[in-house]
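The sequence shown lines up with residues 1 to 636 when you count with UniProt numbering. For reference, the structure is listed below as structure tokens.
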Amino acid sequence: MVSAVTVFFLSLPVYYIASTAIGLWRNIKIAKRSGLPYKVIPIHAFNPIWLLTGRRFGTWFVTAYPNLWVSKYVLLMVPEWSWRYGFEPFAEYGDVFMTVSPVNCHIYIADREVITQIATRRDDFPKPAWMYRTVNMFGRNVVTTEGSEWKFHRKVTSPSFGEKNNVMVFEETIKQGKMMLRKWAGEDGKGGITITDVLEDTMRLSLHVISGAGFGVSLQWPGTTQDGDMIKPLSEDSTHRHTLSFKDALAGLLHNLLVVLVFPRWFLENAPFKWARKAAEASLEYQTYMNELFVEKRKEAIAGEKADGMDIMGALVKNSYGPDEKHHNKHLTAHGDVERQALTDSEILGNAFVFLLAGHETSAGSLHYLFILLALHIDSQRRMQQDIDRIFGDRPVEEWDYSKDITAMQTSMLGAVMQEELRLVPPVINIPKQVSDDSDQIVMYQGQQTIWPKGAVVSLSALALQRNPKYWPSTGPSKVTDEDNDLADFVPERWFVKNNVNGNAQPTESAEDDMPAGKDTNRLFHPLKGSYIPFSDGPRSCLGKRFAQVEIMILLAIIFKTYSVELAVDEVADDEAVEKMDEKERIALYEQQKETARSTMKNCSEIGITVRIKNGYVPIRLVPRGKERFIHLFEY
Ligand code: HEM
């Protein structure tokens, strides 16, 4: 008996090695047939054993020995390679290449024509829906479905993201931005407070904006109380005794998302760990609040109330329960029934949940990187402030107006700064697709037919694509590294162009003679089709694109109208020490902090659902314009 057990355990590694070798051999054969360049890696980057044991070693090895031939293979086994090495692997292997591991063939794309083919051939290259299955926990929705069912969800949910909702996003962001300013600049507005939890605050802001413009519940920042903060039902009809406020339920659910998605609630509720029971509590509270909101919105819809300024969930409920009789078909529940005009109750709640998920971390992460990048790129910050002054003049924030101001914002340095951040750090670095399981697919690449094996994993490599010199104008050699182009740097000025030929902008060779501030700035660079995909491309592109753009631009405008952002230097010199420094010393200190901030951004960013700085922080300060401690000392 003992020997049988021993044999069993001894045979496990043999079985593992044999199945790995067979898997690799099979996949190499498939890769050879494809006609695509490929690289064989013995271990898949997301192999759990490798993640636990070899990942750190791999990262260290590639950094320590970048020129060894073996490093080229180890590099592709580092899960963060797409973030760390950007366009480099593509420059070496080609704009489309495949990694072949024992587990699968994985095709990475930084070629705009191939991306356009993949994004438009939706049935041949579906979303790997299995990855999102757990996200159906509150109801089926537009993110997790495929085929005709997705088509139906998309058709019904798209109108809720219209201009009426954009106005709400604009107004809610102003409201939330003012509260964030109070925390960042202090009650007296004097600024000078070191902010270390920038991501936490941008997360809070984006959560509150979705709560307001997505669900119609406006939340307050700590220090104030109002409905959203209170522990009370959102519907008069509810008798539920809540244990968390709506805000804490939302935040708690998002904080424990992975746990909540993976384990059933009954399991978490009975687990011996407090954190698991807290996760279950947040999930239950969220669900109960959303049911209450739904009841209220249904009452409003039936009564025909709230025609203007509709939040997204309100618009979905109105579509199902509004006075228009043709929409009352909620009894038709068959999935994929494209004749349906309205969502079921569960589908409304499922979609509300994914709007929260899709729109929260993405916008928050972008805002976080933006604050740091603007503190690093002082000239861009100044030009953006000049454009903000030009657009809003002396008008108080209360008089800012979506329909009057949004175009000017989008075509100014505000728009350019936002577009550049999304070019440089697209939150979804690799947009996931797959080759349909049904059959191999032919894709044209560089004028040749290539055969993409059925079931292969496909990544639209947004970050690499958006640094591909074939498509993007450089304003000159990098001012940060020794690269001969600046495509891996934050240079919003590249978005301003001289000519616009056939709808595609001609990149300006040098930014010097085409500075945007105060000039004719209503022509931003128009990237070639398929070369700019922070919001993905084709029919499955982001539904919340405009929502996010409005939110980001208006928040920047609110903050930078009155304040500048600087890197905080507390960890190196206190305020008194800075006070005593002469100009040269201050410049040297700030340059040093810039290096630290760059290194933190590069080395502490992690790719989860989105990329974000997780294992470190870059402290910043808001300072009233005209009272800067450092950035006014730099030449402009
Ligand atoms: C900077 C902010 C944002 C970025 C960069 C972004 C990016 C993306 C990307 C890349 C996708 C495609 C994902 C995939 O195919 O796997 C996507 C899909 C989606 N996004 Fe966003 N997003 C942002 C903000 C938002 C917001 C604010 C909302 C809603 C309030 C939202 C709602 C959605 C939805 C519903 C989808 C699924 C569309 C479909 O499958 O038909 N996003 N987004």
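Built from N, CA and C at the ideal position, the CB exists for glycine as well. Small disclaimer: the values here were computed from a predicted structure and weren't measured.
task: Specify whether the region 277 to 293 and the region 245 to 254 touch according to this definition: at least 3 beta carbon pairs, one from each stretch, less than 8 Å apart.
output: yes
message: DSSP three-state label for Pro516, please.
response: For the purposes of this step, residue 516 is taken as the residue at position 516 of the sequence shown. Reliability fails at Pro516, whose pLDDT of 38 lies under 50, so the model's placement of it is uncertain and the value that follows must be treated cautiously. Pro516 falls in the coil class under three-state DSSP.
- prompt: Ala119: which of Gly608, Val572, Gly162, Phe535 sits nearest, CA to CA?
  reply: Indexing the sequence shown from 1 puts residue 119 at position 119. It is Phe535.
query: With DSSP run on the structure shown, which of helix, strand or coil describes Val578?
result: Residue mapping note: residue 578 aligns to position 578 of the sequence shown, counting from 1. Note: Val578 maps to helix in three-state DSSP.
query: Is it true that the CB of Ser531 sits closer than 8 Å to the CB of Leu487?
result: Here residue 487 refers to the residue found at position 487 of the sequence shown. Here residue 531 refers to the residue found at position 531 of the sequence shown. No, the pair does not count as a contact, with Cβ atoms beyond the cut-off.
message: Does the distance between the C-beta of Ser536 and the nearest non-hydrogen atom of the ligand HEM fall short of 7 Å?
response: Stepping through the sequence shown from its first residue, residue 536 is reached at position 536. Yes.
- request: Check whether the Cβ atoms of Leu524 and Phe496 lie closer than 8 Å to each other.
  value: Residue numbering aside, residue 524 sits at position 524 when the sequence shown is read from its first letter. Residue numbering aside, residue 496 sits at position 496 when the sequence shown is read from its first letter. Yes. Within cutoff.
- request: Report the partner residues of Phe496 according to the DSSP bridge assignment.
  value: Mapped onto the sequence shown, residue 496 falls at position 496. The partner list for Phe496 (beta bridge, DSSP) reads Leu524.
- request: Just mark Met384 as buried or exposed, buried being the case when its beta carbon has 16 or more other beta carbons within 10 Å.
  value: Residue numbering aside, residue 384 sits at position 384 when the sequence shown is read from its first letter. Result: buried.
message: My output table needs one value for Cys542: the three-state DSSP class, helix, strand or coil.
response: Walking along the sequence shown from the start, residue 542 turns up at place 542. Correct three-state label for Cys542: coil.
query: How about residue 638 and Val611: do their beta carbons lie closer than 8 Å?
result: Look at the range of the chain in this structure, 1 to 636, and you will see that residue 638 is not part of it.
message: Could you give the first and the last residue of the continuous beta strand (DSSP E) run that contains Ser599?
response: The residue given as residue 599 occupies position 599 in the sequence shown. Taken as a continuous stretch (DSSP letters only), Ser599 belongs to no beta strand (DSSP E), being part of the alpha helix (DSSP H) at 583 to 604.
Selected residue, minimal CA-CA separation from Ala375, among Trp400, Asp389, Val417: As a working mapping, residue 375 is identified with position 375 in the sequence shown. If we check each option's Cα against that of Ala375, Val417 comes out closest.
query: For the ligand HEM, is there a heavy atom less than 7 Å away from the beta-carbon of Leu417?
result: Position 417 of the sequence shown, counting from 1, holds the residue named residue 417. Note that residue 417 is Val in the sequence shown here, rather than Leu. No, the Cβ of Val417 stays beyond 7 Å of every heavy atom of the ligand HEM.
- prompt: Ordered along the chain, which non-local residues of its own chain (more than five positions away) have a Cβ less than 6 Å from that of Met137?
  reply: In the sequence shown, the residue the question calls residue 137 occupies position 137. Same-chain partners within the cutoff: there are none.
- request: Give the secondary structure of Arg612 by DSSP, where H, G and I count as helix, E and B as strand, and everything else as coil.
  value: As a position in the sequence shown, residue 612 is number 612, starting the count at 1. Looking at Arg612 - three-state DSSP - the assignment turns out to be strand.
- prompt: Is any heavy atom in the ligand HEM found nearer than 7 Å to the beta carbon of Ile109?
  reply: Taking the sequence shown and counting its residues from 1, one reaches residue 109 at position 109. No, the ligand HEM has no heavy atom inside 7 Å of this Cβ.
- request: Below 8 Å CB to CB, which residues in the same chain sit around residue 655 once its five sequence neighbours on both sides are set aside?
  value: The question about residue 655 has no answer, for the chain in this structure spans 1 to 636.
query: Going by beta carbon distance, what residues of the same chain come within less than 6 Å of His368, once the five residues before and after it are set aside?
result: The sequence position of residue 368 within the sequence shown is 368, counting from 1. Result list for His368: Val198, Leu199, Thr202, in chain order.
Collapsed DSSP secondary structure at Asn430 in the structure displayed: As a working mapping, residue 430 is identified with position 430 in the sequence shown. Residue state, collapsed to three classes: strand.
message: According to DSSP, is Tyr445 part of a helix, a strand, or is it coil?
response: The residue labelled residue 445 in the question sits at position 445 within the sequence shown. Tyr445: strand per DSSP, three-state reduction.
Met98 - partner residues in DSSP beta bridges: Locating residue 98 in the sequence shown gives position 98, where the first residue counts as 1. Tyr38, Ile107.
- request: Could you pull out every residue in the same chain whose Cβ sits closer than 7 Å to the Cβ of Ser19, ignoring the five residues on either side in sequence?
  value: Taking the first residue of the sequence shown as position 1, residue 19 is located at position 19. Excluding positions up to five away in sequence, the list is empty.
message: Do Gln434 and Ile442 have their beta-carbon atoms positioned less than 8 Å apart in this structure?
response: Within the sequence shown, the letter at position 442 stands for residue 442. Within the sequence shown, the letter at position 434 stands for residue 434. Against a cut-off of 8 Å, the Cβ pair of Gln434 and Ile442 comes out as no contact.
field: Cys604: CB within 7 Å of a non-hydrogen atom of the ligand HEM
entry: Counting from one through the sequence shown, the residue named residue 604 turns up at place 604. Outside the cutoff, so no.
- prompt: Is Ala303 buried or exposed, if buried means 16 or more other CB atoms sit within 10 Å of its CB?
  reply: Stepping through the sequence shown from its first residue, residue 303 is reached at position 303. That one is exposed.
task: Report yes if the C-beta distance between Phe215 and Ala364 is below 8 Å; otherwise report no.
output: For the purposes of this step, residue 215 is identified with residue 215 of the sequence shown, where counting begins at 1. For the purposes of this step, residue 364 is identified with residue 364 of the sequence shown, where counting begins at 1. Taking the C-beta atoms as reference points, Ala364 is found no nearer than 8 Å to Phe215.
message: Does the beta-carbon of Arg540, which I'm using as the reference point, lie nearer than 7 Å to any heavy atom of the ligand HEM?
response: For the purposes of this step, residue 540 is taken as residue 540 along the sequence shown, with counting starting at 1. Flag set: Cβ of Arg540 near the ligand HEM.
- prompt: Would you say the region 540 to 549 touches the region 599 to 618, given that touching needs at least three Cβ pairs under 8 Å?
  reply: no
Where Asn502 sits in the DSSP three-state scheme: Position 502 of the sequence shown, counting from 1, holds the residue named residue 502. Low local confidence applies: a pLDDT of 38 at Asn502 is under 50, so the model's placement there is unreliable, and no value is given.
field: With 16 other Cβ atoms within 10 Å as the buried cut-off, status of Arg26
entry: The residue given as residue 26 occupies position 26 in the sequence shown. Burial call: exposed.
field: Distance between Trp60 and Asn165 (C-alpha atoms, nearest Å)
entry: On the sequence shown, residue 165 is found 165 positions in, with the first residue counted as 1. On the sequence shown, residue 60 is found 60 positions in, with the first residue counted as 1. Going from the Cα of Asn165 to the Cα of Trp60 covers about 47 Å.
field: Distance between Thr344 and Val428 (C-alpha atoms, nearest Å)
entry: For the purposes of this step, residue 428 is taken as residue 428 along the sequence shown, with counting starting at 1. For the purposes of this step, residue 344 is taken as residue 344 along the sequence shown, with counting starting at 1. Those two C-alpha atoms are separated by around 30 Å.
message: Just to confirm the assignment, what range does the alpha helix (DSSP H) spanning Val458 have?
response: Counting from 1 along the sequence shown, the entry for residue 458 is found at position 458. Where Val458 is concerned, there is no enclosing alpha helix (DSSP H), although the beta strand (DSSP E) it sits in stretches over 457 to 461.
task: Identify, in the order they occur along the chain, each residue of the same chain with its Cβ nearer than 7 Å to the Cβ of Val114, setting aside the five sequence neighbours on each side.
output: Residue numbering aside, residue 114 sits at position 114 when the sequence shown is read from its first letter. Cβ neighbours of Val114 beyond the five flanking positions: Val96, Val443, Tyr445.
- prompt: If you draw a straight line from the alpha carbon of Glu493 to that of Glu347, how long is it in whole angstroms?
  reply: Stepping through the sequence shown from its first residue, residue 493 is reached at position 493. Stepping through the sequence shown from its first residue, residue 347 is reached at position 347. In a straight line, the C-alpha of Glu493 is about 43 Å away from that of Glu347.
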